Amino acid sequence: MLFDCHCHLESPLFDDDIEEVLQRASGNLLGVVCSAVEPKDFEKSLAMHDRMPNFLYVSLGLHPEYAGSISAEDIERAITFIKEKSENIVSIGEVGLDYYWCQDERTRQKQKEMFRRFVDLSMMLDKPLIVHIRRGKDKQSNAYEDAFEILQQGGAKKVLLHMFGYKKLLTRALENGWHVSTNAIVESSKDYKKIVKAIPLDHLMLETDSPYLVPQMLKSRGVKRNEPLFIEQTAKKVALIKETSFEKICSQTTLNARKFFEIG
Numbered sequence: 001m002l003f004d005c006h007c008h009l010e011s012p013l014f015d016d017d018i019e020e021v022l023q024r025a026s027g028n029l030l031g032v033v034c035s036a037v038e039p040k041d042f043e044k045s046l047a048m049h050d051r052m053p054n055f056l057y058v059s060l061g062l063h064p065e066y067a068g069s070i071s072a073e074d075i076e077r078a079i080t081f082i083k084e085k086s087e088n089i090v091s092i093g094e095v096g097l098d099y100y101w102c103q104d105e106r107t108r109q110k111q112k113e114m115f116r117r118f119v120d121l122s123m124m125l126d127k128p129l130i131v132h133i134r135r136g137k138d139k140q141s142n143a144y145e146d147a148f149e150i151l152q153q154g155g156a157k158k159v160l161l162h163m164f165g166y167k168k169l170l171t172r173a174l175e176n177g178w179h180v181s182t183n184a185i186v187e188s189s190k191d192y193k194k195i196v197k198a199i200p201l202d203h204l205m206l207e208t209d210s211p212y213l214v215p216q217m218l219k220s221r222g223v224k225r226n227e228p229l230f231i232e233q234t235a236k237k238v239a240l241i242k243e244t245s246f247e248k249i250c251s252q253t254t255l256n257a258r259k260f261f262e263i264g
């Protein structure tokens, strides 16, 4: 069975039918990790975990896109909350750097400061990190280089590079023992296909990032919202790229996720 290592079931897009979504997922997947990325959704995600403790697992963090608007006090409150709920979560994230929408250097510096706080938090709590990195439109800065430097300076060991798309640093990531997850974007992106082709299978996990990134086949049928059930489409594509069986992709990526998140 498959494991969705990164989704956003706390999204309002699931409010009307979350129980049906979870029922479909639990009937076909071994588990999911729901990543809540802003404080207002922390309790909501933990409540879902309470209802399905052996299927839905929770990761908590602050997405880098909020660095420009969130106050220092709110960051402290989020960190305090995560510390208090550490026994109820499997990881920290998603956190990281996103330079695509953030053009000004001041806000990028705030992203870096916030990211460092969460790297330190993950080390203190002995929790793995789910890391988001996105390059900017400018050529002067590289979010991947900056994020890798922060991770290495912080001594981060258990790192999942969510939707990683920068092949130049893949070797460095693997040398650090980090993992990579891919999703339906591998159907259309040459860069992601190259990464999936190159990465050893024991360092790869699968995700949906739902409700975003609907698989192409389903999108062509009018499906507008992704959900964990649809991870099978990504697994099939990865099997083709890596020239192995669908069953092998399912078993190995699920094993990787269970080990990474320490799920029995």
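Read in order, the letters of the sequence shown are residues 1 to 264 in my numbering.
Glycine residues also receive a C-beta, built at the ideal position from the N, C-alpha and C atoms.
Note that the coordinates shown come from a computational prediction; the quantities given were computed from them, not determined experimentally.
Can you give the Cα-Cα distance for residue i and residue j, rounded to whole angstroms?
i: ILE130; j: SER181; result: 10 Å
i: TYR212; j: ASN226; result: 6 Å
i: TYR154; j: GLY222; result: Residue identity check: residue 154 is Gly in the sequence provided, not Tyr. C-alpha separation (whole angstroms): 44 Å.
i: LEU201; j: PHE164; result: 15 Å
i: LYS110; j: ARG135; result: 16 Å
i: LYS112; j: PRO64; result: 9 Å
i: TRP101; j: HIS132; result: 13 Å
i: GLU207; j: THR253; result: 10 Å
i: ILE241; j: ALA25; result: 25 Å
i: ARG117; j: ALA78; result: 11 Å
i: SER71; j: ARG108; result: 15 Å
i: LEU60; j: GLU87; result: 12 Å
i: SER141; j: TYR166; result: 14 Å
i: ILE249; j: MET205; result: 9 Å
i: LEU29; j: LYS197; result: 24 Å
i: LYS83; j: ASP74; result: 14 Å
i: THR244; j: ARG258; result: 21 Å
i: VAL58; j: ASP15; result: 17 Å
i: ILE89; j: ASP126; result: 11 Å
i: ILE185; j: ILE195; result: 12 Å
i: MET124; j: ALA156; result: 11 Å
i: ASN6; j: ARG172; result: In the sequence on display, residue 6 carries His and not Asn. Roughly 22 Å between the two C-alpha positions.
i: LYS158; j: VAL119; result: 10 Å
i: SER69; j: GLN103; result: 14 Å
In the structure shown, what three-state DSSP assignment does residue i receive?
i: CYS102; result: coil
i: TYR144; result: helix
i: THR107; result: helix
i: ALA36; result: strand
i: ARG134; result: strand
i: VAL214; result: coil
i: PHE261; result: coil
i: THR208; result: coil
i: HIS203; result: helix
i: VAL90; result: coil
i: PHE3; result: strand
Compare the beta carbon distance of residue i and residue j with 8 Å and say whether it is the shorter of the two.
i: HIS231; j: LEU2; result: Here residue 231 is Ile; the residue named in the question, His, does not match the sequence. Contact: yes.
i: ALA143; j: TYR99; result: yes
i: HIS179; j: ASN256; result: yes
i: GLY27; j: ILE263; result: no
i: PRO128; j: SER91; result: yes
i: LEU160; j: PHE42; result: no
i: PHE115; j: GLY96; result: yes
i: PHE148; j: LEU169; result: yes
i: PRO228; j: ASP17; result: no
i: LEU22; j: LEU56; result: yes
Using the rule of at least 16 other Cβ atoms within 10 Å of the residue's Cβ for burial, across every protein chain shown, is residue i buried or exposed?
i: THR234; result: buried
i: GLU105; result: exposed
i: GLU76; result: exposed
i: GLY177; result: exposed
i: SER122; result: buried
i: GLU94; result: buried
i: PRO215; result: buried
i: LYS224; result: exposed
i: GLU187; result: buried
i: MET48; result: buried
i: ASP209; result: buried
With a threshold of 7 Å (Cβ to nearest heavy atom), would residue i be considered close to the ligand FMN?
i: ARG77; result: The ligand FMN is absent from the structure shown, which contains no ligand whatsoever.
Kindly say whether residue i, judged by its beta-carbon, lies nearer than 8 Å to any beta-carbon of chain C.
i: GLU145; result: Going by chain labels, chain C is absent from the structure shown, which holds only one protein chain.
Query raised in the report: Does the region 9 to 28 touch the region 36 to 46, meaning 3 or more C-beta pairs lie closer than 8 Å?
Result: yes
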